[in-house]
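Peer 1: This is the structure I want to talk about, given as structure tokens.
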Amino acid sequence: MKRAWRLPILFLLAALLATAIVAQNRTSAGNRSNVRLNEMVPTASADDALSSTWYCAAGTATGVVTGDAGGFAEQTLMISNASSIDASGSVTAYTESGVTAVKSVTVGAHGQTTLRVSDILKAAWASALVEVSGGGITVTHELRGPAGRSISACASSPGDNWYFPSGTTRAGTRNLLTLFNPFPGEATIDISFDTEDGARTPQQLQGMVVPGGRLVKVDVGAIVTLRERVSTTVRARIGRVIAEQIQTGDGRTNTEQGLTAVLGATAAAPIWTFPVATAASTTAREVVSLMNMGDADTEVLVEVQLDDPKTNGTVEPFVVQVASGRSAQIDLGSDPRIPKTVGRWLIVRSSNGTPIVAERSVGVTRGASAGGFAFTMGVPVVATSWLGTVAATTDASTTLVAVANPSATQAAIVTISVHSKGSVVAVTAAKSVQIAPGQRLVLNLASVTVGAADASVQVEADRPVVVGQWMTTTTPMEIQTISNFPLLGTESLPVDVFTSDQAVAESVSVRSDDTVVPESTTTIAAVTTTTIAGATTTVVAGATTTTLR
């Protein structure tokens, strides 16, 4: 009789324990999804920071760049220093087998240092950890191989969630995922996919271990075969990693030929911007890929912001329904509503505030005037200060930097400078450029960066803006859409965001080929120049591509 009451109590204790575990798991999941603002995108530290750390996950390091024996994606690091103090530190390379090697590195003030990972060690695949003194440091990496060439951002912090809305495993393509664990302890990872015929959670990718101090490469095409659309989600049960995707195409019928790499998004957000879309007068295919990470279905609007809308008109927003936990695509390049000869940028938003992830792919098929393709993750934040590497190479045919003002009500005054060879060049001289609400400024940096292979760009604004770059190269034919980095502490979430129906009322006509000479104080076409407290301000209500001489 004394034991009769024990059984209900044991059941009660078990129930309480289960409830506590569920609550703990929910709390943990909630904390992990509450990503800090500076972790939503790679972020540069201020000049007075004690140190800077960057992580580059993907690339080969065979030491052979060209020919059949060349690496699939030979990795070269580009470490830029926008501060006035020399930076020094080290780069550590990590391999799949756990072999590591370290090389010292120095980055001069207002300069840049490039380093091939194969100069640190030789390996089929290698990740890199960059640790240097001081702030104002940004790191990108170039991948080059038989399929093409890519320049993409490295990460400023690890994450426990990574999202890749774009991807394909159709014939003639390769889709590779690289996971880099820079810490001593192992990480445990779950990887899932969404395709045009449903979601997949392959058993071999659930609870996958990424050992400490190593990288793990996943061949997505060997697991999710021959799918036109493949989006990828990486979630860490234990630990944190850096995740990067490499996508290639061999140029078969209706496919692009080229190589592109992209760092995954670490968080979902209701609004994403793309300050650089398909350049005017190109015939590139442009596809926006979306993932709905919320608990409810949502309607997503893709708003195409045309340059100079008073002259060029506006485009009715593209609308797509995206179910909870699923993905979708919008092919902008095939829609006749978008004029092919007009520059543009994109705002992507969920209509009900549901958190989404947006990525854009741009590609040109073989036989066109240009080749290659690029994946670009959207930008979920705005900032008043941006740093970025300028891809100033001898074979670059186009080098553009775009500054978009997504505000619906406030103009933004921006100044742009280039860091190179130990000094800072004020691109706009004494001028600041005022960008009207919902408009952007596009600058051609080619002439400014001639002979400056170590150049980096800095954008300062009195209102939050978004910055991006577009570059095309001739050898090989390739498109680059290079990410820029907000400065830590200047970033914020976009609010009061411009909508397409405001475009005509807020714009005036500005030709796309206007040339602004920095010393000039005259009015050029519809670009109004005024002098305020001794500084010259150029007002841009529609976008202008400005060639700086």
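For the sequence shown, the numbering used here gives the first residue as 452, with consecutive numbering after it. Even glycine gets a Cβ: it sits at the ideal position worked out from N, Cα and C.
1. Among residues of its own chain, excluding the 5 on either side of SER801, which ones have a beta-carbon nearer than 6 Å to its beta-carbon?
2. Just to confirm the assignment, what range does the beta strand (DSSP E) spanning LYS668 have?
3. Applying the criterion that 16 or more other CB atoms from any shown protein chain within 10 Å of the CB defines a buried residue, is ASP746 buried or exposed?
4. Pick out whichever of VAL876, TRP505, LYS872 has its Cα sitting closest to the Cα of THR560.
5. Could you check what DSSP says for ALA508 in three-state terms: helix, strand or coil?
6. What is the DSSP secondary structure of VAL473, counted as helix, strand or coil?
7. Ends of the alpha helix (DSSP H) at THR762?
8. Could you give the residue range of the beta strand (DSSP E) that holds VAL793?
9. LEU757 by DSSP, collapsed to three states: which one?
10. Between the beta-carbon of VAL713 and the beta-carbon of ILE640, is there less than 8 Å?
11. Could you tell me the boundaries of the beta strand (DSSP E) in which MET742 lies?
12. Checking 8 Å against the spacing of the C-beta atoms, do LEU757 and PHE769 come in under that value?
13. Suppose you measure from the CA of ALA716 to the CA of PRO937; what does that come to, to the nearest Å?
14. Whole beta strand (DSSP E) runs in the segment 620–694 with 3 or more residues, listed along the chain?
15. Quick one: what's got a C-beta closer than 6 Å to GLN657's C-beta in the same chain, skipping five residues either side?
16. So, with DSSP's three-state summary, where would you put VAL782?
17. Are there 16 or more other CB atoms within 10 angstroms of the CB of SER569, so buried, or fewer, so exposed?
18. Does the separation of the CB atoms of THR699 and ALA598 fall below 8 Å?
19. To which residues does DSSP link PRO937 through a beta bridge?
20. For ILE693, count neighbouring Cβ atoms within 10 angstroms of its own Cβ and tell me buried if that reaches 16, exposed if not.
21. For GLN920, report the span of its beta strand (DSSP E) as first-last.
22. So what's ASN803 in DSSP terms, helix, strand or just coil?
23. Under 8 Å, with one C-beta from each stretch per pair, do the segment 758–778 and the segment 592–609 reach the 3-pair mark?
24. Please work out which residues of its chain come closer than 6 Å, Cβ to Cβ, to LEU630, disregarding the five sequence neighbours upstream and downstream, and give them in chain order.
25. With the cut-off set at 8 Å, would you say GLN526 and HIS592 are in Cβ contact?
26. Going by DSSP, which residues form a beta bridge with TRP723?
27. According to DSSP, simplified to helix, strand and coil, what is GLU490?
28. Less than 8 Å between the C-beta atoms of ALA718 and PRO831, yes or no?
29. Ignore the nearest five residues each way along the sequence and tell me which others in ARG621's own chain have a CB closer than 8 Å to its CB.
30. Between GLN655, GLU647, ASP670, which lies nearest to LEU627 when the distance is taken from Cα to Cα?
31. Which of helix, strand or coil does DSSP assign to SER578?
32. Quick check on this structure: which residue in LEU797, ASP701, GLY549 has the alpha carbon closest to the alpha carbon of SER1002?
33. Can you tell me which of the three DSSP states SER534 falls into?
34. Rounded to a whole number of angstroms, what is the C-alpha to C-alpha distance between VAL841 and PRO787?
35. Quick check on VAL946: does DSSP put it in helix, strand or coil?
36. Can you list, in chain order, the residues of its chain with a C-beta nearer than 6 Å to that of VAL753? Leave out the 5 residues immediately preceding and following it.
Peer 2: Walking through what the data contain:
1. Around SER801: PRO721, THR749, VAL751, ILE807.
2. In this chain, the beta strand (DSSP E) harbouring LYS668 covers 665–670.
3. By the beta-carbon neighbour count (other beta carbons within 10 angstroms, threshold 16), ASP746 is exposed.
4. Note on identity: in this sequence residue 560 is Ala, with Thr being the wrong assignment. That would be LYS872, whose Cα lies nearest to the Cα of ALA560.
5. In this structure, ALA508 counts as coil in the three-state DSSP scheme.
6. Since pLDDT at VAL473 reaches only 35, below the 50 mark, its modelled position is unreliable, and no value is offered.
7. Where THR762 is concerned, the enclosing alpha helix (DSSP H) starts and stops at 760–763.
8. It is not in any beta strand (DSSP E) - VAL793 carries neither H nor E in the DSSP assignment.
9. Note: LEU757 maps to strand in three-state DSSP.
10. Taking 8 Å as the cut-off, the beta carbon of VAL713 is found no closer than this to the beta carbon of ILE640.
11. First-last of the beta strand (DSSP E) with MET742: 736–743.
12. Their beta carbons are not under 8 Å apart, which means LEU757 does not touch PHE769 by this criterion.
13. So the two alpha carbons sit approximately 15 Å from each other.
14. As far as the segment 620–694 is concerned, its whole beta strand (DSSP E) runs of at least 3 residues are 624–632, 638–646, 649–651, 657–661, 665–670, 681–689.
15. Excluding positions up to five away in sequence, the list reads ASP641.
16. This sequence places Asp at residue 782; Val is not what is there. In this structure, DSSP gives ASP782 an extended state, which the three-state scheme calls strand.
17. The residue in question, SER569, is buried, as its Cβ has 16 or more Cβ neighbours within 10 Å.
18. Cβ distance < 8 Å, so THR699 and ALA598 count as in contact.
19. TRP837, per the DSSP bridge assignment.
20. So ILE693 counts as buried.
21. 907–925 is the extent of the beta strand (DSSP E) around GLN920.
22. Here ASN803 sits in coil by DSSP.
23. These segments do not touch.
24. So the qualifying residues of the chain are VAL661, VAL667, VAL692, ALA694.
25. Contact: yes.
26. Per DSSP, VAL799.
27. In this structure, DSSP gives GLU490 a helical state, which the three-state scheme calls helix.
28. In this structure, the beta-carbon distance from ALA718 to PRO831 falls below 8 Å.
29. The residues LEU677, ARG678, GLU679, THR706, in chain order, have a CB closer than 8 Å to that of ARG621 in the same chain once the five nearest residues on each side in sequence are set aside.
30. Closest in alpha carbon position to LEU627, among GLN655, GLU647, ASP670, is ASP670.
31. Of the three classes helix, strand and coil, the one that applies to SER578 here is strand, per DSSP.
32. Residue 1002 lies beyond the stretch modelled for the chain, which goes from 452 to 1000, so this question has no answer here.
33. In the structure shown, SER534 sits in coil (DSSP, three-state: anything other than H, G, I, E or B).
34. Spanning the two alpha carbons is a distance of roughly 33 Å.
35. For VAL946, the three-state secondary structure derived from DSSP is coil.
36. Answer for VAL753: VAL739, PHE769, ILE781, VAL799, listed in chain order.
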